[in-house]
Amino acid sequence: MISKITSQFEKAARQNRAAYVPFIMGGFPDDHAFVLLLKALDNCSADVIEVGIPFSDPLADGPTIQKAGKIALDNGASLGKILGTLNDVSVDIHAPIVLMTYWNPVLRMGVDEFGDKAKAANISGVIIPDLPPDEAGYWIKVARSHEIDTIFMVAPTTTPKRLETIVNLSKGFVYLVSMTGVTGSALVVDDELLKTVANVKRLTSVPVAVGFGVSNSEQAAALSNVADGVIVGSALIKKCLEAGDDVSAIDGVSSLSRGIIGALGRN
Amino acid sequence: MTKLGILYKEQKQRASTPDQNGYFGRFGGRFVPETLMPALEELSETYDGVKNDPSFGAELTGLLKNFAGRETPLYYARRFSEKLGGARIFLKREDLTHTGAHKINNALGQVLLAVRMGKTRIIAETGAGQHGVATATAAALMGLECVVYMGSLDIERQALNVTRMKMLGAQVVPVNDGSCSLKDAVNAAIRDWVTNVASTHYIIGSVIGPHPYPMIVRDFQSVIGKEARKQMLEQAGKLPDVAVACVGAGSNAIGLFHAFLADPVRLIGVEAGGYGLDTGRHAASLCAGSPGVLHGALLYLLQDENGQITEAHSIAAGLDYPGVGPEHGMLKDIERVTYVSVTDQEAVQGFMELARIEGIIPALESAHAIAYLMKFAGSMSKDETILVCLSGRGDKDVSQVAEYLDSKRIAGLDENVSNTANHASTSAEN
Numbered sequence: 001m002i003s004k005i006t007s008q009f010e011k012a013a014r015q016n017r018a019a020y021v022p023f024i025m026g027g028f029p030d031d032h033a034f035v036l037l038l039k040a041l042d043n044c045s046a047d048v049i050e051v052g053i054p055f056s057d058p059l060a061d062g063p064t065i066q067k068a069g070k071i072a073l074d075n076g077a078s079l080g081k082i083l084g085t086l087n088d089v090s091v092d093i094h095a096p097i098v099l100m101t102y103w104n105p106v107l108r109m110g111v112d113e114f115g116d117k118a119k120a121a122n123i124s125g126v127i128i129p130d131l132p133p134d135e136a137g138y139w140i141k142v143a144r145s146h147e148i149d150t151i152f153m154v155a156p157t158t159t160p161k162r163l164e165t166i167v168n169l170s171k172g173f174v175y176l177v178s179m180t181g182v183t184g185s186a187l188v189v190d191d192e193l194l195k196t197v198a199n200v201k202r203l204t205s206v207p208v209a210v211g212f213g214v215s216n217s218e219q220a221a222a223l224s225n226v227a228d229g230v231i232v233g234s235a236l237i238k239k240c241l242e243a244g245d246d247v248s249a250i251d252g253v254s255s256l257s258r259g260i261i262g263a264l265g266r267n
Numbered sequence: 001m002t003k004l005g006i007l008y009k010e011q012k013q014r015a016s017t018p019d020q021n022g023y024f025g026r027f028g029g030r031f032v033p034e035t036l037m038p039a040l041e042e043l044s045e046t047y048d049g050v051k052n053d054p055s056f057g058a059e060l061t062g063l064l065k066n067f068a069g070r071e072t073p074l075y076y077a078r079r080f081s082e083k084l085g086g087a088r089i090f091l092k093r094e095d096l097t098h099t100g101a102h103k104i105n106n107a108l109g110q111v112l113l114a115v116r117m118g119k120t121r122i123i124a125e126t127g128a129g130q131h132g133v134a135t136a137t138a139a140a141l142m143g144l145e146c147v148v149y150m151g152s153l154d155i156e157r158q159a160l161n162v163t164r165m166k167m168l169g170a171q172v173v174p175v176n177d178g179s180c181s182l183k184d185a186v187n188a189a190i191r192d193w194v195t196n197v198a199s200t201h202y203i204i205g206s207v208i209g210p211h212p213y214p215m216i217v218r219d220f221q222s223v224i225g226k227e228a229r230k231q232m233l234e235q236a237g238k239l240p241d242v243a244v245a246c247v248g249a250g251s252n253a254i255g256l257f258h259a260f261l262a263d264p265v266r267l268i269g270v271e272a273g274g275y276g277l278d279t280g281r282h283a284a285s286l287c288a289g290s291p292g293v294l295h296g297a298l299l300y301l302l303q304d305e306n307g308q309i310t311e312a313h314s315i316a317a318g319l320d321y322p323g324v325g326p327e328h329g330m331l332k333d334i335e336r337v338t339y340v341s342v343t344d345q346e347a348v349q350g351f352m353e354l355a356r357i358e359g360i361i362p363a364l365e366s367a368h369a370i371a372y373l374m375k376f377a378g379s380m381s382k383d384e385t386i387l388v389c390l391s392g393r394g395d396k397d398v399s400q401v402a403e404y405l406d407s408k409r410i411a412g413l414d415e416n417v418s419n420t421a422n423h424a425s426t427s428a429e430n
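Residue numbers (this note's numbering), protein chains in the order written: chain C, 1 to 267; chain E, 1 to 430.
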């Protein structure tokens, strides 16, 4: 079966642009507004939407996503509840949904049960930042049997040997971490990064999307000529944190998204 | 060899090293962002290289001896033993090391590893501040930049150690997330490491974190048990019947226990029971937790039904952590070590008791081990011996304990503390 996620990247490529992959936090700022934000991103023609699962100890995240996660947790969000919400609304969402979760909530739920529930909620892919391929054996089996793509991350520090393993295991897309750092750090899109993207792309036919610190149209434009997609997370969350109410949060997220999508066309 | 001896031998073999993936039984592993995986591989390779390198061993041994003051004494606590009226109690005096706790054993070892890897910057987390002080000391010794992350609650309750770290030239970064204690300091340190991994070595202070840390920290701390075993044979003429250590994340306990895993010695790890296990406000991951992933390893931890890590509580900042090293998880599973807990109040009683009777002010962490042995030493015979790891000194804790005692409105410390301690020991045996 062809991956829904990969198909979205292919569609974007046919339109001569990089794919737009926004990230929002499940249950943030609350369950209701989360659904509104999800629909708003879908209406903006996001190609793939990442939904984060809040975790008490998000060691790969910077202050912005940490804060969103804490607000969601304080409002009662959990992996089970977010999957329940997505189960209800995902039929109305065109873009494939990718869950981004730390491993412990999955372990606690049970890996098989998580696979079942994610499948039922129409989840197309899963990113687990603290589950490198070395530890992912059982999950990969469960994911494959549920036709869920597992998206692995490559980092600037990844050795050539690891890189080969990771791109071979990654389905849907390869998540290229733009820098050594946490989400939302300041990013400079320089030649070295573009070279890294090109290098990873040479190793795989799976699309390569760049995330961590991508926050504006200029960065998106610079990346779009080389990368298959750009992932934007903290910048969107920041719009929500700055907004006074749900309406202005949706406005902020939508307008940043439209700006970035407009910059993704290739010359 | 006795049947029990053979059993212990087998257990020792299972326990002695993690497998190639860093697993102790079902615990351990490497659950970290990809960015850090190459650094862990580099650390493993470096460590494998130095393990059998005599020059590394000689350098570390030299520092432990002449800089840190090893070997530390084994002290027969005669008055304390007589008061409890049973087994003879021996204290392994890690409190007498330079910087005042066992943490220096690991900090010196790891800073030498950092130098071998060409790292110029050291980071660490700290709870009680003892690991922070040890790391700041080791970094100063080697002329390396040092940044220590510390929860803001711990900064408040361990002010003395904060000042010490600063005087040693370290930068102390307050962490205001979550419970503002050790767990959150580890998160902050990991985020720093992800960002600065090329220049920086993260000196984890306990037997936690991704492989190879639990193994490395254990190896550097195992000097405690090796010395104590030899000293027991010299002073008591035999191995101890029981060895006791406090367990937060578990480094002094592993350090003490490791030399005795193959011996017919009963091993007891004492966790922080906080306000009591039934209150949910404690730090007893082995007694009351379940397996999960925190800070890069699969281990026993405290979590809710959704897999969120819950906040630990202990009066002892160094035990205030919601997880415990993977090797302890295995030692619990194979029933080689018995894990128990004592409350904050019992720990304070142990603290006062040792101060009054032996003239030794223990760290509040170590006082947990003292408090637990007070429950059973009296029921043992005078021919039997108990070895306790006195993992650190209590200077850092005196104002906190004074405040605690004030808040409990205990007047006339001598009698009341002794009485309540005796009462606790009686009720525990019932």
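Backbone N, C-alpha and C fix where the C-beta goes; we use that ideal spot for every residue, glycine too.
{"query": "Distance, Phe-67/E Cα to Glu-269/C Cα", "result": "Absent from the model: residue 269/C. The displayed extent of chain C is 1 to 267, so no value can be given."}
{"query": "As assigned by DSSP and simplified to three states, the class of Leu-277/E", "result": "helix"}
{"query": "Leu-349/E at chain C interface by Cβ criterion, 8 Å", "result": "The residue you asked about is not Leu; residue 349/E is Gln in the sequence shown. Not one chain C Cβ lies under 8 Å of Gln-349/E."}
{"query": "Val-337/E: first and last residue of the uninterrupted beta strand (DSSP E) it sits in", "result": "337 to 342"}
{"query": "Check whether Val-437/E and Val-162/E have beta carbons under 8 Å apart", "result": "Because chain E is modelled from 1 through 430, residue 437/E falls outside the range shown and cannot be assessed."}
{"query": "Short CB-CB distance (under 8 Å) between Met-25/C and chain E", "result": "no"}
{"query": "C-beta neighbour in chain C for Thr-195/E, strict 8 Å", "result": "yes"}
{"query": "The beta strand (DSSP E) enclosing Arg-121/E, as first and last residue numbers", "result": "121 to 126"}
{"query": "Boundaries (first-last residue) of the alpha helix (DSSP H) holding Leu-84/E", "result": "78 to 84"}
{"query": "Euclidean distance between Cα positions of Arg-229/E and Arg-336/E", "result": "18 Å"}
{"query": "Short CB-CB distance (under 8 Å) between Ala-245/E and chain C", "result": "no"}
{"query": "With 16 other Cβ atoms within 10 Å as the buried cut-off, status of Arg-17/C", "result": "buried"}
{"query": "Check whether Gly-181/C and Val-194/E have beta carbons under 8 Å apart", "result": "yes"}
{"query": "Pair within 8 Å by beta-carbon distance, Ile-431/E and Tyr-213/E", "result": "Since the first residue of chain E shown is 1 and the last is 430, residue 431/E is not available in this structure."}
{"query": "Local Cβ density within 10 Å of Met-380/E, reported as buried at 16 or more and exposed below that", "result": "buried"}
{"query": "Neighbour flag for Met-100/C against chain E, beta carbons, 8 Å", "result": "no"}
{"query": "Where Gln-20/E falls: helix, strand or coil (DSSP)", "result": "coil"}
{"query": "Any C-beta of chain C under 8 Å from that of Val-324/E", "result": "no"}
{"query": "CB contact check: Arg-30/E to chain C, cutoff 8 Å", "result": "yes"}
{"query": "With 16 other Cβ atoms within 10 Å as the buried cut-off, status of Tyr-138/C", "result": "exposed"}
{"query": "Inter-residue spacing [alpha-carbon to alpha-carbon] between Glu-346/E and Thr-72/E", "result": "27 Å"}
{"query": "Residue interval of the beta strand (DSSP E) (run including Asp-112/C)", "result": "Segment 111 to 120 is the alpha helix (DSSP H) holding Asp-112/C; no beta strand (DSSP E) there."}
{"query": "Contact with chain C by Val-293/E, beta-carbon distance below 8 Å", "result": "yes"}
{"query": "Short Cβ contact (8 Å threshold) for His-258/E with Leu-319/E", "result": "no"}
{"query": "Proximity winner among Gly-394/E, Phe-24/E, Ala-189/E, relative to Ser-366/E (alpha-carbon distances)", "result": "Gly-394/E"}
{"query": "Contacts that Ala-209/C makes with chain B (C-beta to C-beta distance below 8 Å)", "result": "Given the protein chain composition of this structure (C and E), no chain B is represented."}
{"query": "Simplified DSSP state of Glu-147/C, which is helix, strand or coil", "result": "coil"}
{"query": "Any C-beta of chain E under 8 Å from that of Thr-150/C", "result": "no"}
{"query": "Residues within the stretch 78 to 110 of chain C neighbouring chain E, beta-carbon criterion of under 9 Å", "result": "Ser-78, Leu-79, Gly-80, Lys-81, Tyr-102, Trp-103, Asn-104, Pro-105, Val-106, Leu-107, Arg-108, Met-109"}
{"query": "Secondary structure of Gly-27/C, DSSP reduced to three states", "result": "coil"}
{"query": "Cβ pair Pro-326/E, Phe-31/E closer than 8 Å", "result": "no"}
{"query": "Continuous beta strand (DSSP E) stretch holding His-201/E: start and end", "result": "200 to 202"}
{"query": "Reduced DSSP secondary structure (H/G/I, E/B, other) of Leu-43/E", "result": "helix"}
{"query": "DSSP three-state assignment for Cys-44/C, whether helix, strand or coil", "result": "coil"}
{"query": "Contact with chain E by Ser-224/C, beta-carbon distance below 8 Å", "result": "no"}
{"query": "Sequence-distant residues of its chain with Cβ nearer than 8 Å to Arg-157/E (five each side left out)", "result": "Ala-317, Gln-400"}
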